[in-house]
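The next block holds one structure in the form of structure tokens; read it before the comments.
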Amino acid sequence: MLFLQLLASGIQTGILYALTAAGFALIFGATKIFHVAHGATFVIAGYAFYECIQLGMWWPWATLVSFVMAILAGILMAVFIYRPIQRSEGSFFTVFVAAFGVSIAVQSLIQYFFGRGSVTVSSSLTMASEVIEGLYLAPILAVAIGVSIVLFGLVVLFLEKKNAGLGLRALSENPGLLEAFGLNAKNLTVLAFVIGSALVVPAAILTSISIGIQPSSGSKVMLISLAATIVGGIGSLKGAALAGLFLGIIENLVITVVDTQWSEAVSFFILFAFIMFRPSGLFGASVKR
Amino acid sequence: MINYILNLLTLATIYSIAAASLNVLVGYAGIFSIAHAIFFGLGAYAGAQFALLIVPDVLLASLIGAVVSGALSLLLALPALRVRGEYFVAAGLGLQMVGITIFSEAHSLTGGHGGLVGIPPATLFGFDVSSPGAFLAVCLVALLLSLAVIQILMRSSFGRALMSIRDNESAAESFGKNVPLLKTLAMVVGCAIVGVAGTLFAFNLAFINVESFTLEQSILMLAMVVIGGVGTLSGPLIGAVFLLILPAILTFIPFIPPTEIGTVQQFIYGSLMAVLMIFKPSGIAGKTGGK
Amino acid sequence: MSNVLLSVRGLSKNFGGLAAVQSVDMDLQEGVVTALAGPNGAGKTTIFNLMTGNLVASAGDVLLHGKSIIGKKPHRIAQMGIARSFQDLRLFTHMSVRDNVLVAVEPESWFWQPGGKAAWHQRLETVEKALERTGLSAMADKRAVDLSYAETKFLSLARILATGSKIWLLDEPASGLDLNSRNRFINILREATADGVTICLIEHNLDVMTQLADRIAFLDQGKKLAEDVPEKVLRDPELIAIYFGKSQSGN
Amino acid sequence: QSGPYVVGTLFPMSGPNAEAGSIYTNAVQLAFDHIKEDKLLKGNVEIKSADSLGTPQGGAIGMSRLTSVDKAVYTLVGFTGVSKAAAPIGQRAKAMMINGGAVGPDLASLSPYFWNIIPLANQEVKFLIPWLSENNIKKISVIYVDDALGQGILQELKKGLPETGGTVTSAYSVPPDLQQFSSIIAKLRSDQPDAIYIASPNISQIGHIIKQVRDGGIKHQLLTYGAANFPSISKLPESEGLIFTSQGADWKSDQPIMKRFVESWREKFKTEPTTYGLNYYNGGLLFGYLAKGLEEAGKPVTGDTLVEELKRVGKFDLAGGEATFHDGTVTAAMQINKITNGVTEKIK
Amino acid sequence: METKNNRAATAADQAVSALEAKNLSAGYDDHNVFENMNLDLRKNEILCLIGHNGAGKSTLLKVLFGLQPYSAGEVLLNGQHIVPSPSDMAGHGISYVPEGRGVFPGLTVKENFALALWSAKMTGSVADERVDEVLGVLPKLKDFWTRKAGQLSGGQQQMVSIGRAMLCKPSILLLDEPSIGLAPKLFQDLLEPIRAVQKQRGMSILLVEQQVGEALNVSDRVVVMKSGEIIYRGVPADFEGDHAKLMEMF
Ligand SMILES: Nc1ncnc2c1ncn2[C@@H]1O[C@H](COP(=O)(O)OP(=O)(O)OP(=O)(O)O)[C@@H](O)[C@H]1O
Ligand SMILES: Nc1ncnc2c1ncn2[C@@H]1O[C@H](COP(=O)(O)OP(=O)(O)OP(=O)(O)O)[C@@H](O)[C@H]1O
Ligand SMILES: [Mg+2]
Ligand SMILES: [Mg+2]
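Residue numbers (the numbering used here), protein chains in the order written: chain A, 1006 to 1294; chain B, 17 to 307; chain C, 1095 to 1345; chain D, -3 to 344; chain E, 4 to 253.
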């Protein structure tokens, strides 16, 4: 029963990871931008939702505002931070440091306006009850599963049915050539940021309900997203999502064998192991050396 | 005032050593390490334990720090030989996170979260060098030596070989470069030097714990290199001084209510990092213009 | 028959189901320029990669001075005196032109180079000579990325020139060069052969091929179809049909 | 000669613990406002704030700045790592330091210049154990961060519980920045303890644990130490029924100093006061008393003279009652609190 | 050179310019590659642009397609002033085949085509029709229709690149050194279908080449560029058998 219980909580954790990781993977896969500030988008989305609820807004409207804010944040970063850097000699690390600077700035802005503590949106969704003997589940698990499947399905459908998915793949290979095809690489980059940033919104909202969110929550989100992107295989949206789920489940299950203080490190140990023994990840194409 | 400045300068010097050593990996060998704080920490713990248990001689302790850190750098060399670019960044991340947990759990070696307290004042050949001025001098000498080593190595055929590997591994191979060996050597050199920096850090603070060796610290070191200018000699120094002194200067901004100082500082700090990268993408000391 | 420096015997390479090279035999004779011709995808570059250890052969052997070098690491093979260029150049983009060449002169890079000052000056001289011969002296301090297309082609050659290797494997070294540069390029290679360098050349440009090659080995779908002096190969109606086309440049 | 006296504050003003930093700063500010109103001192007091970032290195730089640039003679610090890094620097500069927030037992003897105006955590546990046995709470599970605080509490529980017939049934060590506890909660459920003790130095982490334990359907009694005085814990709906120890602080007390503190706090910050606020308020007041004594004796106000004066006087009228120091640490009355309907009430 | 005779019949056509550069100047950060450049590509002709390495040929093509900004002058399309941008140009039925391998290696041939169709905003039966036509002209493409473009040999990739450019039924085709790395026969095989289409429905082609011999064989007019200036305008016949004259130009 302990196993089942851990599995259930693992799935709930994993879904949050999967959503944020998919967003990061989409952005990184398409634009090769190591979007460290993805965590900042997450925090912005979470606080937007929290503030709206505090202002007495009906939750669907709050969700909408949260989406708008996250997408706006993504677009602003793409246009005003990454684009100018990439235009000049933007090495991998230049982008990295700039994005890191943005994360710090966003974190301090949120602190300034919304305080430093952790904020939580109260909801009855998080109350667990005994489903079968010894197994406690909260309705939020079902909500999380439902929302993530729907959203993920929508994104996959959009990418596969519309040519946008093709465009994003092409963008990752050769943005210059895209222009020669008569397509606009800038717009596609923005599109990647829009979808990628939107994907963190449900995770941010669910987190603000189930765990609570604080200005510094972003970094964990970013780290796990990054780990899942690599474990899943760079360029594979499905891979990143499954890897996120996988890491979440492992993180919970692992405490049946090791002490609790190691549970977080296990994710990164897995990451390390993947890089050593299967650098292409779960679904990636083989890695060029 | 003078002690504060000496203290800041000492820290800036120590971080300059760390950043310069990271530059060997990032700038010359093209090894994108974000686990450098772990090796900084290894040097700090090794040096501090040596000072606590045997003798607080800063030279001997630094050597121990360098050896321990350099030897354990082989851990990171392993993935460095297998993968490159963003994959290696992720490997470094993995090592960083696992390493931090080990630092927190290995109580007998690191003191866990509580850390190592009461690291004795530094001596050198039996003379006390713990006064702010003397210790700064020790650190400056260490910095000069490290820079000299780095400069000599990087201008030698070794450095050229590393750079050729950075630019194109397979072409370097076809001109006779033993890529795995050279990469490993670069890793050992860079990590040994940061081990020295770690030992000096431990002496300087007289107290160390895991909080000084976190991912943020690794990223800070990286930011120093990138903001200063990757692959240049002066870049890491400029970056280290800039990123350490800047927050100190920001604290002198008047009219900010004390409760908001930190937030405002962090905001300026973060924004400056981003803005600097937009307008000086190759760093303060880096070559600009061109491609 | 002159001295065979490098030879391959029954060399084969499969990529999954694709047989890229199928039991090829070939000899490079001292001082002779052998052109490796064949349609796109014939397996020419793959043969180079097998010779230099960049790829592991599925079967067959590569012999240098009669000794097998199969299974050796690329850097070992390079140190044994085989220099190669790449179809996509692979310059050391962020190093100066001079350093690009200098790297090629220092085969074993430890923390120091043996020989002290005298050897160092010797190496520098080698570099300057290579730069001069390829016409790059004026831009020795430019970074490789800042060179124009033709200059990158010459830099790729300068690196090889400077190694002092006696066996050169050149993969489409003159493609895209204009008439003038192409002639200059051909002259440098001619001088090199006069100095006793053995060249194996992959080239699609018939002018370059006819002006340089002493022999042409013809490859198609991984198999060697012919190897002979240019006059014969270029007249082979079968090869004209699959490769040289109707407007064969005899001129 | 008579001022301005420079008093430093070295708190995390950014990062995850900044919430604490701003409360501490407010409290110190309040104390000096009162000192000024009362014209207690001839000289002016100037407060200089440094951001410790909550890290040792930040603490070292901040302390060095406070002592050497601002020439602070008396600095209020918080957080264990920061305190440990700041102590040698303060000692070198002969500046007095007062900790009112960190409760790691290893802070007791850091330096002759380093004083704790907060009872350390092991004292709190000692006070709690008899109450546990009185209320028939025998089996305790502990979630702790493996630092001086957590270890101190765990050891004290392991030592004290058996004496009254209780046990520590399980102990889960967590990293200090962990936010997700579902797996531990699953284990707790199968452990079936009578109560769960939470020992983390990270305030928001305690909040996360409480919420997630309750969400997870675990109804057992929750216990913690004085950190629960922070509004982000005490105002949490899930904290209903939480029991925690703290130093004695009766907000309804008639003692004039206490009354004034509570009233000004409510008026100025529109929140309920906390023991941390109280401690740092007392830390500020303490300086006022020490400096006044020195002024009267015609002595200069330096770190050394302040420490001397503290040792000489020994007893001080602070908010909440008379305080004495033992082992560099204040000995204060303890109390046990319970949160009912969002209000913290003293139950013992 | 029978083409020229064919073309003579449509001389009126040729007088009208399809794409024209007027006093155009362009370059990179630190230097101008060309100034006051005048060039016109007439309706239904193949114009061969040759010149030494670095003369500025590729730069001119990029400017005309809108991939590179210009600092002065103007671009005329069918006599109308326009400011070129890649997406507009594609919309106007202009296709560009860049130097090097102009395909996305990770996408299949089919996907490369789909991308081009998306760019031309062609869907449904119109798109199918276009694909059928291009496959009719380049039947070999069918053989590797579902393979990743990166796995094809250089020549096959070039074929895909050209096929892709023909998809949007271009009225103007800008070809930058299509011969690089191609076997001689393949290059000829590639030029033939283009010529066929051109004959069939008319198309203007600006061809940049270093394989001067082959290129002149198929061209109507020739322009020689040297260090950013046009130093010669004429017809291929001018150079026939006169290698020395050509060499002078470089
Ligand atoms: N790494 C690889 N993996 C899979 N297939 C490969 C690989 N390298 C080459 N091939 C295949 O092997 C065959 C031979 O390729 P090779 O590069 O040797 O051709 P080539 O003769 O050099 O052609 P070109 O003249 O176009 O350069 C081709 O069909 C190619 O697709
Ligand atoms: N991205 C660039 N940045 C700076 N200068 C450039 C760039 N691209 C080309 N140049 C320079 O512009 C000039 C013209 O280059 P361009 O590529 O147009 O020549 P080209 O005639 O196409 O030559 P080739 O026959 O080698 O293709 C050259 O001097 C070249 O060095
Ligand atoms: Mg090839
Ligand atoms: Mg060109």
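C-beta atoms are modelled at their ideal positions from N, C-alpha and C, and glycine is treated no differently. Owing to the predicted nature of the structure, the values given are computational and were not obtained by experimental measurement.
Per-residue DSSP class, three states only, for residue i
i, result
"A:V1262", "coil"
"E:C171", "coil"
"C:Q1116", "strand"
"C:W1206", "coil"
"D:G58", "helix"
"D:K32", "helix"
"D:E341", "strand"
"E:I197", "helix"
"C:Q1216", "helix"
Residue i beta carbon near ligand 4 (any heavy atom closer than 7 Å)
i, result
"C:D1182", "no"
"E:D179", "yes"
"E:S182", "no"
"C:E1285", "no"
"E:S61", "yes"
"E:E212", "no"
"E:E102", "yes"
Contact test: residue i Cβ vs ligand 3 heavy atom, cutoff 7 Å
i, result
"B:I168", "no"
"C:K1247", "no"
"E:D245", "no"
"C:G1107", "Here residue 1107 of chain C is Lys; the residue named in the question, Gly, does not match the sequence. C:K1107: no, Cβ never under 7 Å from ligand 3."
"C:T1139", "yes"
Reference residue i; option with closest CA among the options
i, options, result
"D:G324", "D:I94, D:K32 and D:A68", "D:I94"
"C:S1242", "E:M250, E:G57, E:M252 and E:S28", "E:G57"
"B:G43", "B:R182, B:L216, B:G286 and B:A239", "B:R182"
"C:V1327", "C:N1108, C:V1098, C:G1111 and C:L1130", "C:L1130"
"C:S1190", "C:H1215, C:K1167 and C:A1232", "C:A1232"
"D:T5", "D:A293, D:I57, D:H30 and D:E33", "D:I57"
"A:L1077", "A:T1099, A:Y1022, A:F1047 and A:A1169", "A:F1047"
Boundaries of the alpha helix (DSSP H) in which residue i is found, first to last residue
i, result
"E:M40", "Taken as a continuous stretch (DSSP letters only), E:M40 belongs to no alpha helix (DSSP H), being part of the beta strand (DSSP E) at H34 to R45."
"A:Y1022", "L1007 to T1036"
Range covered by the beta strand (DSSP E) that runs through residue i
i, result
"D:A328", "Careful: D:A328 lies outside any beta strand (DSSP E) and carries neither H nor E."
"C:R1178", "I1176 to R1178"
"E:R150", "Taken as a continuous stretch (DSSP letters only), E:R150 belongs to no beta strand (DSSP E), as it is neither H nor E."
"B:A138", "Note, B:A138: premise wrong, no beta strand (DSSP E); not H, not E."
"D:I139", "K135 to V141"
Contact test: residue i Cβ vs ligand 1 heavy atom, cutoff 7 Å
i, result
"E:K151", "no"
"E:G237", "no"
Closer than 7 Å: residue i CB and nearest ligand 2 heavy atom
i, result
"C:T1187", "no"
"B:T26", "no"
"E:S74", "no"
- Message: Does the contact criterion of 3 or more C-beta pairs under 8 Å hold for the stretch 1102 to 1121 of chain C versus the stretch 1134 to 1154 of chain A?
- Response: Fewer than three Cβ pairs drawn from the stretch 1102 to 1121 of chain C and the stretch 1134 to 1154 of chain A lie within less than 8 Å of each other, which leaves the two stretches out of contact.
- Task: Determine contact between the stretch 121 to 141 of chain E and the stretch 161 to 173 of chain E, defined as no fewer than three beta-carbon pairs at a distance below 8 Å.
- Result: Output reads yes: the stretch 161 to 173 of chain E touches the stretch 121 to 141 of chain E.
- Query: Any contact of the stretch 275 to 287 of chain D with the stretch 19 to 31 of chain D, i.e. 3+ C-beta pairs under 8 Å?
  - Reply: Touching, per the Cβ criterion.
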